[in-house]
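**Q** Before we start, here is the structure in question, set down as structure tokens.
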Amino acid sequence: MEKGLAEFRDGKFILIEESIGNPTSPLGLILANNNDQKASNLGKCLNKAYGHLIEKNDEQISGTFFNKWMNYGKEITEEELQDLWGKILSEEIATPNSINYLVLNTFSLMSKKHLEAFHSLLPFICDGNLYCNNTLSAEKNYSHVTPSILSELIDLNIIKGLHPADVFFKKELHQVTYGDKSIPSIYVNKTNFIAFHLSEDHQEIKPNFFLLTTIGQKLFEIALSNLEIENYFIQLINSFKQLPEFSSVQTFELVTLIEDKWQSKLTIQK
């Protein structure tokens, strides 16, 4: 591995023991400052990255990116955050320059509580938006998350704002031609969208939402890649059913791109 920090052996990354006693080696410099735990943290993050790595791009990732990733990774002790950190490196290896330094720095500031809170908000998140009931405060919309943590997600620049003035609404949803009908829809990502089959007397829905930042959108993208799309869809629709703007929807349908064709994956009735 680059910089002689570790080698891949027996299906996992092993920190190179020969470097421990060498104060001029990268690993020696790390361990010389009472960094046994930091070295262990880094090894775990590397193994998480390997576990997430599906493909490797021929283009090399930036040395600056790797150095920043390594320095932050040494401090991460919680397994959930190590998994996130590993996912970040694997994505950057597969698609160089897909994660900028601002995103990397923000993720490094997150605690386990922040990650758990964001994960608990996933059933309200789709297409870069955090859906809500605009007649309720953010604290009541997301009562399972403490107000202080919600505020910190704003401070971390993951959510743009959660005040009443921060609520947006869609004047109209994107229409997809499905069969012989034009149906309102919301895209989850490039390979999945949700089609809303409305009752006969309703032709449109105008949902309300708060905005995620580009950093929040990247965190959602990473989180979604670790979920089964069907499970995410079920949880999302359970949340949508609580919002009055979706009351006219008779059927929620998950449509997925399979072998270059859009196909129905799962439907949920009202």
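Our numbering puts the sequence shown at residues 1069 to 1338. All residues carry an ideal CB built from backbone N, CA and C; glycine is no exception. Remember, it's a predicted structure, so these values are computed and weren't measured experimentally.
#1: Which partner residues of P1252 appear in the DSSP bridge assignment?
#2: Closest to T1335 by C-alpha separation, out of A1162, K1238, Y1300, would be which residue?
#3: Under 6 Å Cβ to Cβ from E1070, same chain only, skipping five residues before and after it: list those, please.
#4: Is it buried or exposed, F1237, if we count other Cβ atoms within 10 angstroms and call 16 or more buried?
#5: Would you mind sorting A1263 into buried or exposed? The rule is 16 or more other CB atoms within 10 Å of its CB.
#6: For L1177, count the other beta carbons within 10 Å of its own beta carbon; 16 or more makes it buried, fewer makes it exposed. Which is it?
#7: What did DSSP end up calling Q1271 once you bin it into helix, strand or coil?
#8: Should L1266 and S1316 be called a contact, given that it needs their Cβ atoms to be closer than 9 Å?
#9: Using the C-alpha atoms, what's the distance from F1134 back to T1319?
#10: Please classify H1182 as buried or exposed, where buried requires at least 16 other C-beta atoms within 10 Å of its C-beta.
#11: Between which two residues does the alpha helix (DSSP H) holding N1209 run?
#12: Using only the alpha-carbon positions, how far apart do W1153 and D1195 sit?
#13: Using only alpha-carbon positions, find the residue among N1165, E1148, S1108 that is nearest to M1138.
#14: Return helix, strand or coil for E1321, following the three-state DSSP convention.
#15: Quick one: give me the first and last residue of the beta strand (DSSP E) that S1336 is part of.
#16: If we count the other Cβ atoms within 10 Å of its Cβ and call it buried at 16 or more, is L1326 buried or exposed?
#17: With distance defined between alpha-carbon atoms, name the residue in E1160, T1245, P1275 nearest to Q1331.
**A** The relevant details are as follows:
#1: For the purposes of this step, residue 1252 is identified with residue 184 of the sequence shown, where counting begins at 1. According to DSSP, which records beta bridges pairwise, P1252 is partnered with Q1243.
#2: The residue given as residue 1335 occupies position 267 in the sequence shown. The residue with the shortest Cα to Cα distance from T1335 is Y1300.
#3: Position 2 of the sequence shown holds residue 1070. Here the model assigns E1070 a pLDDT of 47, short of 50, so the residue's position is not dependable, and the following value carries that caveat. The answer is none, since no qualifying residue turns up.
#4: Residue 1237 sits at position 169 when you count from the first residue of the sequence shown. With fewer than 16 Cβ atoms within 10 Å of its Cβ, F1237 is classed as exposed.
#5: Here residue 1263 is taken as the residue at index 195 of the sequence shown, counted from 1. A1263 should be labelled buried.
#6: Indexing the sequence shown from 1 puts residue 1177 at position 109. Under this definition L1177 is an exposed residue.
#7: Locating residue 1271 in the sequence shown gives position 203, counting from the first residue. Looking at Q1271 - three-state DSSP - the assignment turns out to be coil, as it is neither helix nor strand.
#8: By one-based count along the sequence shown, residue 1266 stands at place 198. By one-based count along the sequence shown, residue 1316 stands at place 248. Closer than 9 Å, so yes.
#9: Reading the sequence shown from its first residue, position 251 is the one you call residue 1319. Reading the sequence shown from its first residue, position 66 is the one you call residue 1134. Cα-Cα distance, rounded: 46 Å.
#10: For this step, residue 1182 is matched to residue 114 along the sequence shown. By the 10 Å Cβ count, H1182 comes out buried.
#11: Numbered from its first residue, the sequence shown carries residue 1209 at position 141. N1209 -> alpha helix (DSSP H) spans 1206–1209.
#12: Counting from one through the sequence shown, the residue named residue 1153 turns up at place 85. Counting from one through the sequence shown, the residue named residue 1195 turns up at place 127. In a straight line, the C-alpha of W1153 is about 23 Å away from that of D1195.
#13: What you label residue 1138 is simply residue 70 of the sequence shown in a count that begins at 1. Among N1165, E1148, S1108, the Cα nearest to that of M1138 belongs to S1108.
#14: Within the sequence shown, the letter at position 253 stands for residue 1321. Here E1321 sits in strand by DSSP.
#15: Residue mapping note: residue 1336 aligns to position 268 of the sequence shown, counting from 1. Residue identity check: residue 1336 is Ile in the sequence provided, not Ser. 1329–1337 is the extent of the beta strand (DSSP E) around I1336.
#16: In the sequence shown, counting from the first residue as 1, residue 1326 sits at position 258. Sequence check: residue 1326 is Ile here, not Leu. By the 10 Å Cβ count, I1326 comes out exposed.
#17: Numbered from 1 along the sequence shown, position 263 holds the residue referred to as residue 1331. The option with the nearest alpha carbon to Q1331 is T1245.
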